[in-house]
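S.K.: Counting from 26, one number per residue, gives the positions in the sequence shown under the numbering used here. For every residue, glycine included, the Cβ atom is placed at its ideal position computed from N, Cα and C. If you're wondering where the values come from, they're calculated on a predicted model, not measured in any experiment.
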Amino acid sequence: MTIGRDGGYETGYQACDHFWSPEPGSYVRKLMDLIGDCSGLRVLDVGCGEGKNAVVFAERGASVIGLELSQRALKHARTLYPDVGVAWVCADATKQTWPREHFDIVIAYGLFHCLSSEVEVQALHRALSDATKLGGCHVVCSFNNREQDLSAHPGFRPYLGAHEFYQSLYRNWAIEAISDEILYETHPHNNIPHYHSMTRLIARKSS
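Now the structure itself:
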C-alpha cells in the first residue's frame, strides 16, 4: 500500500483502534434526510475506511458493500461493528468492475483525492457512474485545490482537483446539494491541528 493510495491514514490505523469519529459524514446525513428508509437499496461505500458511513445504511435496511484498500481499517470495521450486515471487501477501487446499473447509492467519501491524477479520478468516476442505477445517488467528499494544510499527513501528495472539476463530473446529473468549505480537524495519532478545503456533493443520476 502506498501513502498516495491510503491518504496517509495507514499510520493512524496502526496507532489507533478507532481512528475516525463514529459519526457519519455530514453529506451522508444529508442524503439520509432525503431518502429516509433504505430497505432494499443496494449501497457501495468505496474507500469506506473503518465503515462509519456504510454502517448507517445497513442499519436502515440497505444491502451494503464496504470496499477499502487498508486491511487494518477493515479489521477495525469488523471489530467496531460486529453485528452489522456489511460485506467488507479489501480491494483497490481502481481495479474493480461492477455490474451495470446495479447500485442505488455510491459513497466516495475521502477517496478521489487519494488517487494519482485527474485521469484516474475520471476513470473511477465513469466506472462508478456506470454501476449506478438511473435515479441513484452519489455522495462525494474530496479535498480540492483551494486551501490545504497537509502538516498532519507527511509524505502525502493528494490529487487536488478544483471544486469546478467535481461539479463538471456531475454536469449531467441533478445536484441535490454541494459545498466548498474548510474542514478543521485533528487526528488522534499525532494531534496536529490542520485543515482542508473540501468539495462535498450529492448528485442524482438523471440520464
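Note down, in chain order, each residue of its chain lying with its Cβ closer than 7 Å to the Cβ of residue 28, except the 5 sequence neighbours on either side.
M.R.: Taking the first residue of the sequence shown as 1, we reach residue 28 at position 3. In this predicted model, residue 28 has a pLDDT of only 40, less than 50, meaning its place in the structure is not dependable; the value taken from the coordinates is given anyway. If we look at residue 28 and ignore the five residues flanking it on each side, its Cβ neighbours are 180 and 181.
S.K.: Closest to residue 205 by C-alpha separation, out of 171, 41 and 183, would be which residue?
M.R.: Against the sequence shown, residue 205 aligns to sequence position 180. The shortest C-alpha separation from residue 205 is found at 171.
S.K.: Whether or not the region 63 to 71 and the region 124 to 137 are in contact is what I'm after, with contact meaning three or more pairs of Cβ atoms, one per stretch, closer than 8 Å; do they touch?
M.R.: Touching, yes.
S.K.: Hey, quick one: how far does the beta strand (DSSP E) through residue 163 stretch, first residue to last?
M.R.: Position 138 of the sequence shown, counting from 1, holds the residue named residue 163. Run containing residue 163: 157 to 173, per the beta strand (DSSP E) assignment.
S.K.: Identify, in the order they occur along the chain, each residue of the same chain with its Cβ nearer than 7 Å to the Cβ of residue 39, setting aside the five sequence neighbours on each side.
M.R.: As a working mapping, residue 39 is identified with position 14 in the sequence shown. Only 97 meet the Cβ criterion.
S.K.: In whole angstroms, what is the alpha-carbon distance linking residue 234 and residue 176?
M.R.: An answer regarding residue 234 cannot be provided, because it is not within the stretch 26 to 232 covered by the chain.
S.K.: Going by the beta-carbon positions, is the gap between residue 202 and residue 52 smaller than 8 Å?
M.R.: Here residue 202 refers to the residue found at position 177 when the sequence shown is read from its first residue. Here residue 52 refers to the residue found at position 27 when the sequence shown is read from its first residue. Yes, these two residues count as a Cβ contact at 8 Å.
S.K.: Residue 68 bridges to which residues according to DSSP?
M.R.: For the purposes of this step, residue 68 is taken as the residue at position 43 of the sequence shown. Paired residue(s): 89 and 130.
S.K.: Assuming the contact rule is C-beta atoms closer than 8 Å, residue 64 and residue 37 should be a hit. Round their C-beta distance to whole Å, please.
M.R.: What you label residue 64 is simply residue 39 of the sequence shown in a count that begins at 1. What you label residue 37 is simply residue 12 of the sequence shown in a count that begins at 1. About 34 Å; that fails the 8 Å criterion.
S.K.: For residue 58, I'd like the list of residues in its chain whose CB is within less than 7 Å of its CB, leaving aside the five on either flank, ordered along the chain.
M.R.: Within the sequence shown, residue 58 is the residue found at index 33, counting from 1. The answer is none, since no qualifying residue turns up.
S.K.: For residue 220, which of helix, strand or coil comes out of DSSP?
M.R.: Within the sequence shown, residue 220 is the residue found at index 195, counting from 1. Reduced to three states, the DSSP call for residue 220 is strand.
S.K.: For residue 49, collect the residues of the same chain with a Cβ closer than 6 Å to its Cβ; drop the 5 residues on either side in sequence, then sort them by chain order.
M.R.: Residue mapping note: residue 49 aligns to position 24 of the sequence shown, counting from 1. Closer than 6 Å at the Cβ level, and outside the excluded window around residue 49, lie 77, 78 and 81.
S.K.: List the whole-angstrom C-beta distance separating residue 123 from residue 156, where the pair is believed to meet the contact cut-off of C-beta under 8 Å.
M.R.: Sequence index remark: in the sequence shown, residue 123 carries index 98 (1-based). Sequence index remark: in the sequence shown, residue 156 carries index 131 (1-based). Yes, they are in contact, since the Cβ atoms of residue 123 and residue 156 sit about 4 Å apart, within 8 Å.
S.K.: Mind checking residue 226: buried by the 16 CB within 10 Å criterion, or exposed?
M.R.: Counted from its first residue, the sequence shown places residue 226 at position 201. Flag for residue 226 reads buried.
S.K.: Under 8 Å between the Cβ atoms of residue 228 and residue 163?
M.R.: Residue numbering aside, residue 228 sits at position 203 when the sequence shown is read from its first letter. Residue numbering aside, residue 163 sits at position 138 when the sequence shown is read from its first letter. Result yes, Cβ atoms of residue 228 and residue 163 sit closer than 8 Å.
S.K.: Alpha carbon to alpha carbon, how far is residue 220 from residue 111?
M.R.: Here residue 220 refers to the residue found at position 195 of the sequence shown. Here residue 111 refers to the residue found at position 86 of the sequence shown. Cα to Cα, the separation comes out at about 31 Å.
S.K.: Roughly how many angstroms lie between the CA atoms of residue 135 and residue 60, to the nearest whole one?
M.R.: Numbered from its first residue, the sequence shown carries residue 135 at position 110. Numbered from its first residue, the sequence shown carries residue 60 at position 35. Their Cα atoms are separated by approximately 22 Å.
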